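K.L.:
Chains as they are written, first to last, in the numbering used here: chain H, 1 to 177; chain Y, 1 to 184. By construction, the Cβ of each residue, glycine as well, lies at the ideal position given by its N, Cα and C atoms. Every value quoted in this text rests on a predicted model; they were computed, and no experiment measured them. Quick one: the structure is below, questions incoming.
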Amino acid sequence: MTPERWSRPQRRLHAWGAVLVVLTLALSLAMVALPMSQLLAKFLAYQLHKTFGLLVLILTLARLGFRLARPAPALEGLTAARQRAARWGQAVLYALLLVVPLLGYLTAQAAAGPVPTTLFLVIPVPHLLDPDPALYAWLRPMHQIAAWSLIALAAAHASLALWHHRQGLPVLGRIWG
Amino acid sequence: MLDRRALLALAALPALPVRGQARTRYVFDQSVGRIGFSARHLGLFTSQGQFDRFQATLLIDPNNPQNAAVECVVETGEVSIPFPGATDLLRSEAYFDVARHPTARFAGEANGLTEAGGFPIAGQLAVRGVTRPFRMTARLVERQGGVARFQAEGEMRRGEFGMVADRTLISDAIRLSVDVRIQA
Ligand code: HEM
């Protein structure tokens with residue numbers, strides 16, 4: 001049977017995922033902009049960017065688990081074409097939510113200067129690659145482009161949800177709150 | 001100008017007291033050796049860098065290395081460390097202050113004694129215009145054919161030389177290491 005709403009854990013994970021992606025993006029801009037003379041702040045911004053980014057990856061895996069275990073609520077009131085577009089958009093969002101942090105994780109490993117990756121400075125996250133400047137030169141822009149694609153698509157996804165909500169469709173109530 | 005300084009420093013060397021009779025004078029630079037340093041960060045990891053240009057003179061009797069004397073002048077502007085932006089940071093006023101102090105210098109002598117792990121070389125280390133007593137422990141690692149390989153290690157406290165920036169993130173204790181092969 002098709003449920004009416006996303007389950008409570010799904011709604012929570014969705015909200016946390018959104019918050020974490022925004023925080024991770026804000027930290028990425030701050031960590032790059034901070035001057036070397038503010039080394040501690042810069043270092044902490046990098047560590048938190050990597051921490052929150054990896055949490056996005058973990059949350060997304062959990063979300064995919066829930067998504068596969070339980071049918072999605074029906075998208076009532078949308079044309080079949082729009083339903084298909086929404087599903088595709090969501091599939092690409094899931095893919096980017098996996099690819100962006102994975103590319104980030106690889107970027108961090110390939111960067112010259114072996115700064116370790118940790119979760120909150122406490123839990124060490126292993127590096128599997130050695131520093132590799134050529135690989136880094138490729139990975140870093142890929143990570144950045146994928147990240148901005150994710151942000152753009154997520155913004156479109158949120159705007160469309162809001163727009164449909166204004167049109168009187170019950171989309172927001174199913175995922176929020 | 002750097003070179004002249006280095007040469008002057010080297011020229012002063014023969015004035016060091018000569019204890020061992022069979023000491024030979026070797027002049028060498030980065031082409032046969034490496035001078036590195038390392039720092040700890042928040043107990044999480046270690047970073048390593050090196051000086052890409054230096055001039056050193058070693059007075060040594062390879063059969064009696066514990067009578068060695070050494071003098072080394074590094075060009076602080078040639079510091080290098082593989083973290084983006086960090087090399088410029090190390091050249092800045094808060095660190096080596098390269099504009100005002102283009103060289104750092106160590107001159108020391110072994111005291112004829114050997115200890116576990118090597119023979120101590122005690123002398124003076126000058127960084128950022130501050131000169132302080134400094135001690136390294138050196139050892140002959142291997143001798144093959146005419147080539148002798150020496151390593152030396154010592155620990156400085158950067159704060160003693162006025163290098164006090166970023167103390168939370170970068171340890172005060174900095175390990176210095178020398179690895180050199182000389183053609184005996
Ligand atoms: C949702 C997850 C993530 C987003 C949205 C994101 C976003 C970004 C963005 C936009 C940049 C470029 C910043 C700029 O140059 O302006 C960046 C850089 C970077 N990110 Fe991420 N990131 C995420 C996850 C991760 C993860 C999980 C890691 C590592 C474990 C990571 C490591 C890095 C590194 C190393 C850089 C390059 C910084 C540099 O070269 O100085 N990112 N990230």
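Quick one: residues in its chain with C-beta nearer than 7 Å to the C-beta of Met-31(H), no 5 flanking neighbours on either side, listed in chain order?
P.N.:
If you ignore the 5 residues before and after Met-31(H), its C-beta comes within less than 7 Å of the C-beta of Lys-42, Ala-45, Tyr-46 and His-49, all in its own chain and listed in chain order.
K.L.:
Checking 9 Å against the spacing of the C-beta atoms, do Val-178(Y) and Phe-150(Y) come in under that value?
P.N.:
Yes.
K.L.:
What number of angstroms, rounded off, separates the C-alpha of Asp-3(Y) from the C-alpha of Thr-60(H)?
P.N.:
Any reading at Asp-3(Y) is ruled out, since the residue's pLDDT is 49, under 50, leaving its predicted position unreliable.
K.L.:
Suppose you measure from the CA of Val-19(H) to the CA of Ala-156(H); what does that come to, to the nearest Å?
P.N.:
Cα atoms of Val-19(H) and Ala-156(H): separation of roughly 16 Å, rounded to the nearest angstrom.
K.L.:
When DSSP labels each residue in this structure, what does Thr-107(H) get in the three-state scheme?
P.N.:
DSSP places Thr-107(H) within a helical segment (H, G or I) once states are collapsed to three.
K.L.:
Among Trp-176(H), Trp-163(H), Leu-139(H) and Trp-6(H), which has the Cα closest to the Cα of Arg-70(H)?
P.N.:
Trp-6(H)
K.L.:
Around the Cβ of Ala-173(Y), are there at least 16 other Cβ atoms within 10 angstroms (buried) or fewer (exposed)?
P.N.:
Classification of Ala-173(Y): exposed, given that the 10 Å Cβ count is below 16.
K.L.:
Is the CB of Val-125(H) under 9 Å away from at least one CB in chain Y?
P.N.:
no
K.L.:
For the region 101-132 of chain H, enumerate the residues whose C-beta is nearer than 9 Å to any C-beta of chain Y, in chain order.
P.N.:
Ala-111, Ala-112, Gly-113, Pro-114, Val-115, Pro-116, Thr-118, Leu-121, Pro-124 and Pro-131
K.L.:
Please classify Pro-84(Y) as buried or exposed, where buried requires at least 16 other C-beta atoms within 10 Å of its C-beta.
P.N.:
Exposed: under 16 other Cβ atoms inside 10 Å.
K.L.:
Counting only C-beta atoms, is Phe-96(Y) closer than 9 Å to chain A at any point?
P.N.:
Protein chains in the displayed structure are H and Y, and chain A is not among them.
K.L.:
For Ala-22(Y), does the count of other Cβ atoms within 10 angstroms reach 16, so buried, or fall short, so exposed?
P.N.:
exposed
K.L.:
What separation, rounded to the nearest whole angstrom, lies between the Cα atoms of Arg-34(Y) and Ala-56(Y)?
P.N.:
Between the C-alpha atoms of Arg-34(Y) and Ala-56(Y) there is a straight-line separation of about 11 Å.
K.L.:
Are at least three pairs of beta-carbons, each pair with one atom in the region 100-120 of chain H and one in the region 142-156 of chain H, less than 8 Å apart?
P.N.:
Verdict: yes, contact present.
K.L.:
For chain Y, check one thing: does any of its Cβ atoms lie closer than 9 Å to the Cβ of Ala-161(H)?
P.N.:
no
K.L.:
Which residues bound the alpha helix (DSSP H) around Pro-141(H)?
P.N.:
133-166
K.L.:
Could you tell me the boundaries of the beta strand (DSSP E) in which Phe-150(Y) lies?
P.N.:
147-157
K.L.:
Comparing alpha-carbon positions, which option in Ala-81(H), Pro-116(H) and Gly-53(H) lies nearest Thr-46(Y)?
P.N.:
Pro-116(H)
K.L.:
Can you confirm whether the region 67-78 of chain Y touches the region 98-109 of chain Y when touching is taken to mean that 3 or more C-beta pairs between the two stretches lie within less than 8 Å?
P.N.:
yes
K.L.:
For the ligand HEM, is there a heavy atom less than 8 Å away from the beta-carbon of Arg-140(H)?
P.N.:
yes
K.L.:
Pull up the distance between the alpha-carbon of Val-180(Y) and that of Ala-122(Y), whole angstroms please.
P.N.:
Cα to Cα, the separation comes out at about 18 Å.
K.L.:
Do Leu-125(Y) and Met-163(Y) come within 9 Å of each other at the CB atom, strictly closer than that value?
P.N.:
no
K.L.:
Leu-40(H) touches chain Y at which residues, Cβ-Cβ below 7 Å?
P.N.:
Asp-166, Thr-168 and Leu-169
K.L.:
Taking CB distances under 9 Å as the criterion, tell me whether Leu-7(Y) reaches chain H.
P.N.:
Because the pLDDT of Leu-7(Y) is 44, which lies under 50, any placement of that residue in the model is unreliable, and the number read from its coordinates should be weighed accordingly. Chain H contact via Cβ: absent.
K.L.:
Whole angstroms are fine: how far does the CA of Val-27(Y) sit from the CA of Leu-8(Y)?
P.N.:
Note that Leu-8(Y) scores 45 on pLDDT, short of 50, meaning its location in the model is unreliable; the coordinates nonetheless yield the value given after this. Near 13 Å, if we compare the C-alpha coordinates of Val-27(Y) and Leu-8(Y).
K.L.:
With a 10 Å radius around its C-beta and 16 neighbouring C-beta atoms as the bar for buried, classify Ser-159(H) as buried or exposed.
P.N.:
exposed
K.L.:
Assuming Ile-182(Y) is part of the beta strand (DSSP E), what are its boundary residues?
P.N.:
173-183
K.L.:
Short check: CB of Leu-185(Y) to CB of Gly-36(Y), under 9 Å?
P.N.:
With chain Y covering only 1 through 184, there is no way to say anything about residue 185(Y).
K.L.:
What residues in its chain sit with their C-beta under 8 Å from that of Leu-78(H), if we drop five residues either side in the sequence?
P.N.:
Ala-86, His-164 and Leu-169
K.L.:
Classify Ser-28(H): buried if its beta carbon has 16 or more other beta carbons within 10 angstroms, exposed otherwise.
P.N.:
buried
K.L.:
If you follow the beta strand (DSSP E) that His-41(Y) is in, where does it begin and where does it stop?
P.N.:
Note, His-41(Y): beta strand (DSSP E), 33-41.
K.L.:
Leaving out the 5 sequence neighbours to the left and right, which residues in its chain are closer than 8 Å to Gly-117(Y) when beta-carbon positions are compared?
P.N.:
Thr-137 and Arg-139
K.L.:
Which residues in the same chain have their Cβ closer than 8 Å to the Cβ of Thr-131(Y), if we skip the five residues on either side of it in sequence?
P.N.:
Gln-124 and Leu-125
K.L.:
Measure the C-alpha to C-alpha separation of Arg-40(Y) and Gly-49(Y) and round it to an integer number of angstroms.
P.N.:
Approximately 12 Å between the Cα atoms of the pair.
K.L.:
Going by DSSP, which residues form a beta bridge with Asp-29(Y)?
P.N.:
Gln-55(Y)
K.L.:
What residue does the alpha helix (DSSP H) around Thr-114(Y) start on, and which one ends it?
P.N.:
Per DSSP, Thr-114(Y) belongs to no alpha helix (DSSP H) and is neither H nor E.
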